[in-house]
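Chains as they are written, first to last, in my numbering: chain L, 1 to 149; chain U, 150 to 342.
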Amino acid sequence: MNNEPLHILLADDDEDDRIFFKDAIGELKIHTQVTTFEHGKELMQYLNSKEYRIPHLLFLDLNMPYKNGMECLIEIRAKQNLKDMAVAIYSTSASELDIEEAFVSGANIYIRKPNNFAELRRILSEVISINWQYHSSGMNKDNFILNIY
Amino acid sequence: MKKIQIKYNIDKTYREIMKLEMDKLGLEYSIGGLSDIKIIGKPSDESIKSLSIALEKYGIEIVNDPREVIVQNIKDIIIDIIHNNENIPNMKLSVILAEKLNYSFGFLSKLFSETTFNSIESYIIFQKLERVKMLLASSDYTLTEISLQMNYSSVAHLSNQFKKVTGVSPTAFQRIIIKRKLRMENNSPEHII
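What follows is the structure in structure tokens.
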């Protein structure tokens, strides 16, 4: 274990949701660094550039302009260098079909967007703690599947 | 395209990597169990640093804080018991940990929670379920066989714990992994050519 902050990315076109998310992360015990993006294209530009350390965890909204979350997910999973980055789909959809499709396409985590702050904080805390288990134990993330609600 | 399946022994891999990298640096050493390594003589800080850099690419880290060393030992023992045995032993892991590390389980449990923000119990469940997932992904065993191998009291107990922790049922998990593998194979460059 070391004191390096957990590097988290968030791609969501809704500004309120981004603020809500950053506030909830800020209240957790774990030291984090959050980088946000307003749409999928901006996120992919960042991930395709060379000057960054591989983030630990990406929260990806499904409905975004320019490039939606599903398109981003498929591109990300085709990139060998991003294999260790866990991807959490962050969506309002609770359809079993959407959830399974996201996992089959390579998502590790599926989160139903909660509508209250305490719920969001609980979910983020659980997601980050499980992601940390994989990271700190050097576990293979291929079998990392978490459906949280 | 030729597909091969491999099996490997983590402990042996780790020992070979350590030998290779320490020989390169001309260090004299003995490799003990549970990730303890003794370097003979007085190695310079410089050579420890070079070793640490060389090990980084394998995801191996040199730990210094004695508390972290104990936590690492706890994790190593749990991983060894859960992943390197055909059948999980019937003995309680808390007893095994206390015996092997020579501390009371209460002390180990407190230290573990303080350092990792997680209890030993939930770490054990996490590792057991990882093994269950590997067995499910291989599609070689039925859920009943897996629950016996992993020492669950019943299939229902295994199913409930799996669903509670991962949010998906074991069968849904298996279906997802199989579909995912198929899709990846269809998208691989060899297939496009």
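Where is the CB? At the ideal position from N, CA and C, for every residue including glycine.
With 16 other Cβ atoms within 10 Å as the buried cut-off, status of residue i
i, result
"Ser268 of chain U", "exposed"
"Asn2 of chain L", "Any reading at Asn2 of chain L needs caution, since the residue's pLDDT is 47, under 50, leaving its predicted position unreliable; the model's value is listed next. Asn2 of chain L comes out exposed."
"Thr320 of chain U", "exposed"
"Phe90 of chain U", "What is shown of chain U runs 150 to 342, which leaves residue 90 of chain U out entirely."
"Arg18 of chain L", "buried"
"His340 of chain U", "Caution is warranted here: a pLDDT of 46 is assigned to His340 of chain U, below 50, making its placement in the model unreliable, and the coordinate value is therefore given only provisionally. Looking at its Cβ environment, which holds fewer than 16 other Cβ atoms inside 10 Å, His340 of chain U is exposed."
"Arg164 of chain U", "exposed"
"Tyr139 of chain U", "Outside the shown range of chain U (150 to 342) lies residue 139 of chain U, about which nothing can therefore be said."
"Asp61 of chain L", "buried"
"Thr315 of chain U", "buried"
"Lys152 of chain U", "exposed"
"Arg216 of chain U", "exposed"
"Leu10 of chain L", "buried"
"Gly40 of chain L", "buried"
"Ser201 of chain U", "exposed"
Beta bridge counterpart(s) of residue i as assigned by DSSP
i, result
"Thr35 of chain L", "L:Leu9"
"Tyr178 of chain U", "U:Ile188"
Any chain U beta carbon closer than 8 Å to residue i
i, result
"Leu120 of chain L", "no"
"Gln80 of chain L", "no"
"Phe103 of chain L", "yes"
"Tyr90 of chain L", "no"
"Glu100 of chain L", "yes"
"Tyr149 of chain L", "yes"
"Lys29 of chain L", "yes"
Where the alpha helix (DSSP H) through residue i begins and ends
i, result
"Asn48 of chain L", "Gly40 to Asn48"
"Lys297 of chain U", "The sequence given here has Leu at residue 297 of chain U, not Lys. Segment Leu292 to Gln298, the alpha helix (DSSP H) holding Leu297 of chain U."
"Leu169 of chain U", "Ile159 to Lys173"
"Leu284 of chain U", "Ile269 to Ser287"
"Ile19 of chain L", "Glu15 to Gly26"
Range covered by the beta strand (DSSP E) that runs through residue i
i, result
"Asn309 of chain U", "Per DSSP, Asn309 of chain U belongs to no beta strand (DSSP E); it is in the alpha helix (DSSP H), Val304 to Thr315."
"Ile148 of chain L", "Leu146 to Ile148"
Closer than 8 Å to chain L by CB, residue i
i, result
"Thr162 of chain U", "no"
"Ile341 of chain U", "Bear in mind that the predicted position of Ile341 of chain U carries a pLDDT of just 46, short of 50, making it unreliable; the figure below should be weighed with that in mind. Judged by the 8 Å Cβ criterion, Ile341 of chain U is not in contact with chain L."
"Gly208 of chain U", "yes"
"Ile325 of chain U", "yes"
"Val244 of chain U", "no"
"Phe311 of chain U", "no"
"Ser303 of chain U", "no"
"Glu279 of chain U", "yes"
For this session: Would you list, in sequence order, the uninterrupted alpha helix (DSSP H) runs of no fewer than 4 residues that lie entirely inside the segment 112-143 of chain L?
Result: Counting only runs of 4 or more, we get 117-136.
Problem set entry | Continuous alpha helix (DSSP H) assignments of at least 4 residues falling wholly in the segment 52-113 of chain L | Counting whole runs of 4 or more residues, the segment 52-113 of chain L contains the alpha helix (DSSP H) stretches 69-77 and 96-104.
Exercise. In chain order, which beta strand (DSSP E) runs of at least 3 residues are fully inside the segment 180-259 of chain U?
Worked result: Complete beta strand (DSSP E) runs here, min 3: 186-188.
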